[in-house]
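**Q** There's a structure below that I have some questions on.
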Amino acid sequence: MGASTAEGTAALQTIATDALLVKALWADRSQPGLGQLLEHLQAALPGQALRLQAASGIEQAQLYAYLWLEKRTPVGKALVTSLEQQLKKALPQLQDISVSRLEKVFATGGASAGETPVFHYAVEMDPETGWMPELSQWYDTEHMPGLATVPGCVRATRLLNHDHGPLSLACYDLVTQETLGSGPWLAVRGTEWSSRMRPRFTNTIRTMFRSLPARG
């Protein structure tokens, strides 16, 4: 299923949501407004204990802010659209704001669980038509569990983005950037199954972020 199909389906239904993802571009990084962002998100989902995990792009002025919900919650498209409009008015220091509902499909602590993550690495992609079942099996049984065992990986998580794709979002909280080029990391990436699956990625986006202090 491609991103356009996922977006069309999500527009018509309520999604079981584990987190909301706010993507934006910084107009002014010196005034991040993350406190205001969290307030708006809390107002949109009253009664939940919420945690905001944010990361700022290293090479580009990107913001990814994940609002982790206390429990999986049905969220409709109307709430997401309304929240986008509110944030655009309230946070002029952020541009091109989008809000997406995320469904968690895999999560595990890493070899460096318990350490403070300094970097956040995200790999987004749409599976080639017909390859979603095997890509999901590869990601969730070999690739992500393997990368989680690499020293320097704090946590590995994969989510489905039901609004502003790409559909699959695999993200890794890391202690150092060098983890990505380490021998153990490259060994996991170099398996035979990985070599068969990676060409089936489309609309691929790979981004390294610097983690910001968590809130909530």
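Here the numbering used here is used: the first residue of the sequence shown is 779, the next is one more, and so on. Where is the CB? At the ideal position from N, CA and C, for every residue including glycine.
What does a CB cutoff of less than 7 angstroms around C931 pick up in its chain, not counting 5 residues either side in sequence?
**A** Here the set comprises G888, A889, S890, L925, Y950, L952, T957.
**Q** Quick one: what does DSSP say L857 is sitting in, helix, strand or coil?
**A** Reduced to three states, the DSSP call for L857 is helix.
**Q** Nearest-angstrom Cα distance between H898 and W846?
**A** The alpha-carbon atoms of H898 and W846 are separated by roughly 15 angstroms.
**Q** Can you list, in chain order, the residues of its chain with a C-beta nearer than 8 angstroms to that of L812? Leave out the 5 residues immediately preceding and following it.
**A** The residues are L830, A832, A843, L990, R993.
**Q** DSSP on A839, reduced to helix/strand/coil?
**A** Reduced to three states, the DSSP call for A839 is coil.
**Q** Three or more C-beta pairs closer than 8 angstroms, one from the region 905 to 921 and one from the region 968 to 976: is that the case here?
**A** With a cut-off of 8 angstroms, the region 968 to 976 and the region 905 to 921 count as touching, because enough Cβ pairs lie within range.
**Q** Please report the distance separating the alpha-carbon of K866 from that of L816.
**A** So the two alpha carbons sit approximately 14 angstroms from each other.
**Q** Grab the span of the beta strand (DSSP E) containing S876 for me, first residue to last.
**A** Per DSSP, S876 belongs to the beta strand (DSSP E) from 872 to 887.
**Q** Would you grab the beta carbon distance between L937 and V883 for me? Rounded to a whole angstrom, and I think it's under 8 angstroms.
**A** L937 to V883, Cβ: 7 angstroms. Contact.
**Q** Terminal residues of the continuous alpha helix (DSSP H) containing W1012?
**A** This structure gives no information on residue 1012, because the portion of the chain shown stretches from 779 to 994.
**Q** Could you please give me the residues that DSSP links to R988 through a beta bridge?
**A** Answer by DSSP bridge pairing, in chain order: S834, F897.
**Q** For the putative contact between T795 and E862, defined by C-beta atoms under 8 angstroms, what is the C-beta separation to the nearest angstrom?
**A** 15 angstroms between Cβ atoms; not a contact.
**Q** Judging by CA-CA distance, which residue of T927, K855, A868, Q809 is the nearest neighbour of H818?
**A** That would be A868, whose Cα lies nearest to the Cα of H818.
**Q** May I have the straight-line CA-CA distance separating T980 from P911, to the nearest angstrom?
**A** Taking the straight line from one Cα to the other gives about 15 angstroms.
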